[in-house]
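Following: one structure in structure tokens, then a few remarks.
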Ligand code: GAP
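Numbering (my numbering), first residue to last: -4 to 503.
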């Protein structure tokens, strides 16, 4: 298998070649950090979204879904804190004219030091073999200790700078660490400035009468402002949740790593409204549930890990990320946040409307606390693609690229091939397809040799291929070939749907 950087490049190339993801406006050389999902990608993305919706809404009686609009009253973003605090510290290199996030420059610098530690550890592990004790080595080796101390020293300056939005402290840190621009190698930096990540536009016909409005940077606020309407019309009792999926927009300073960090992306969020004081119980519950959702797809558990936040946002009293082992290393895939009553109380204050819930059991009114789960659909797409991408050497000396997608997420579930274009085989294949397509996404192919057709469907992750041959005309049986094992079996036509459905089942 390729090294990790190569792997990301290969996934990007594969995504383009096989109709998963294209650069937006490619004929105009693209638009930075904006991507389009193509014929196979949009199916995969939809299936991930459906799988999430099913787990969150269909499987929970006390969770309902909504679809709120992207545009919202501008005061929403004042109340939520986004107008004043949804900022990143940015810095420009005067020679390369490249713009960076100041905190990311420092974090990348720390990652380099961490890589040195990992290298020392790997070298020692090789030297000592089975007798190697990593913890002991790390706590005694002088070079490792010196590097750990360096990292701690940097964190002790970085975190307060982030906490206090201290732009001078960022600048001093970058200078003291002698961080150079990765493009030009120069240390000729501008001052560090705050940069608000929200996109804005104008609503209204005339320039004078127009109001500045924002493209939502998260879907969550659409849930908060609708919470009481949903509670009342749905007769929801606390604890209950509201889920939604939809586009969000952030003018990211550093947009890179393909669909990992985009300027237009999609979120799948659920806000769970609970009694004040019960939020930690539900926070633990949702951490556990969300991790189970990820592993239920058959992606190995060791590719996920929790990262508890040391530094909490002003509205949170607990927060953790679920990180995934992307080709670029472990990075945030999903956040689980205990947001207290921050958002609802802020909306009460700014709107002047009461957003209290009357708890019939306690006979009390209160502003509910909220535990949220928030996952980026595009990031999940990248996680699924990078886990699935497999290059295999076959016993016959050939090789194949196969996308070992969880079958439930695959764009097509069944491909149907007549062995030849003659003897009525295409008609028979079409007849099978016409029956199957009510239950499953099917793909009909009659061009090229069967082996080539198998390869094409391996490359887009189709879990089953059906071949219709002369025997089919005699006894109504077909060959069904399973993608990962490449095993072929002869089964009756009326068994196909059942076999495919069984293969798509997810075992929790
Ligand atoms: N409502 C909470 C919220 O928005 P967040 O941690 O800012 O929290 C949640 O975002 C998730 O959205 C992230 O874990 C990530 O998966 C996804 N996300 C955030 N910014 C993104 C971007 N620029 N491109 C793609 N996905 C992004």
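Note that beta-carbon positions come from the ideal geometry of N, C-alpha and C, so glycine has one too.
Measuring alpha carbon to alpha carbon, tell me which of 223, 422 and 354 ends up nearest residue 339.
-> 223
Closer than 6 Å: residue 262 CB and nearest the ligand GAP heavy atom = yes
Exposure label - residue 239; buried when at least 16 CB within 10 Å | buried
Look at the Cβ atom of residue 52, then the Cβ atom of residue 291, and state whether they are nearer than 7 Å.
-> no
Do you know offhand how far residue 133's Cα is from residue 112's?
-> 8 Å
Coil, strand or helix - residue 434 by DSSP = coil
Considering only residues of the same chain and omitting the five flanking positions on each side of residue 245, which have a CB-CB separation below 6 Å?
-> 192 and 212
Locate the beta strand (DSSP E) running through residue 504, then write down its first and last residues.
-> This structure gives no information on residue 504, because the portion of the chain shown stretches from -4 to 503.
Could you tell me whether the Cβ atoms of residue 404 and residue 39 are closer together than 7 Å?
-> yes
Considering only residues of the same chain and omitting the five flanking positions on each side of residue 8, which have a CB-CB separation below 6 Å?
-> none
Say yes only if the C-beta of residue 330 is nearer than 6 Å to one or more non-hydrogen atoms of the ligand GAP, and no if none qualify.
-> yes
May I ask you to check if the CB of residue 213 is nearer than 6 Å to at least one heavy atom of the ligand GAP?
-> yes
Candidates 433, 413, 149 and 363: which alpha carbon is nearest residue 101's?
-> 149
What residues in its chain sit with their C-beta under 6 Å from that of residue 463, if we drop five residues either side in the sequence?
-> 413, 420, 423, 424 and 473
Residue 30 versus residue 18: straight-line alpha-carbon distance, rounded = 5 Å
Could you pull out every unbroken alpha helix (DSSP H) segment of at least 4 residues lying fully inside the region 307 to 392, listed in chain order?
-> 337 to 346 and 372 to 383
Buried/exposed call for residue 20, threshold 16 Cβ in 10 Å | exposed
Residue -4, DSSP secondary structure in three states | With a pLDDT of 40 at residue -4, under the threshold of 50, the modelled position of that residue is not reliable, and the figure given next carries that caveat. Looking at residue -4 - three-state DSSP - the assignment turns out to be coil, as it is neither helix nor strand.
Spatial distance of residue 168 from residue 176 (CA atoms) = 14 Å
Any heavy atom of the ligand GAP within a distance shorter than 6 Å of the CB on residue 485?
-> no
Cβ-based neighbour list, residue 313, same chain, cut-off 6 Å, excluding 5 preceding and 5 following = 278 and 333
Take every Cβ of the region 378 to 387, pair it with every Cβ of the region 395 to 410, and state whether three or more of those distances are shorter than 8 Å.
-> yes
Is residue 271 helix, strand or coil by DSSP?
-> coil
One or two residues paired with residue 183 in a DSSP bridge | Looking at the DSSP assignment, residue 183 forms no beta bridge with any residue, so it has no partner.
Does the ligand GAP have a heavy atom nearer than 6 Å to the CB of residue 371?
-> yes
Through-space distance from residue 409 to residue 208, alpha-carbon basis | 46 Å
Going by the C-beta, is residue 85 closer than 6 Å to any heavy atom of the ligand GAP?
-> no
Just grab the DSSP bridge partners of residue 396 for me.
-> 386
Return the bridge partner residues of residue 459 from the DSSP annotation.
-> 409 and 477
Expressed to the nearest angstrom, what Euclidean distance is found between the alpha-carbon atoms of residue 268 and residue 161?
-> 34 Å
If you follow the beta strand (DSSP E) that residue 243 is part of, which residue opens it and which one closes it?
-> 235 to 244
Tell me which same chain residues have a C-beta within less than 7 Å of the C-beta of residue 440, skipping the five on either side of it?
-> 410, 412 and 448
Residue 350: which of 172, 235 and 226 sits nearest, CA to CA?
-> 226
Could you have a look at residue 252 and say whether DSSP puts it in helix, strand or coil?
-> coil
Report buried or exposed for residue 328, applying the criterion of at least 16 other Cβ atoms within 10 angstroms of its Cβ.
-> buried
How about residue 274: is its Cβ closer than 6 Å to a heavy atom in the ligand GAP?
-> no
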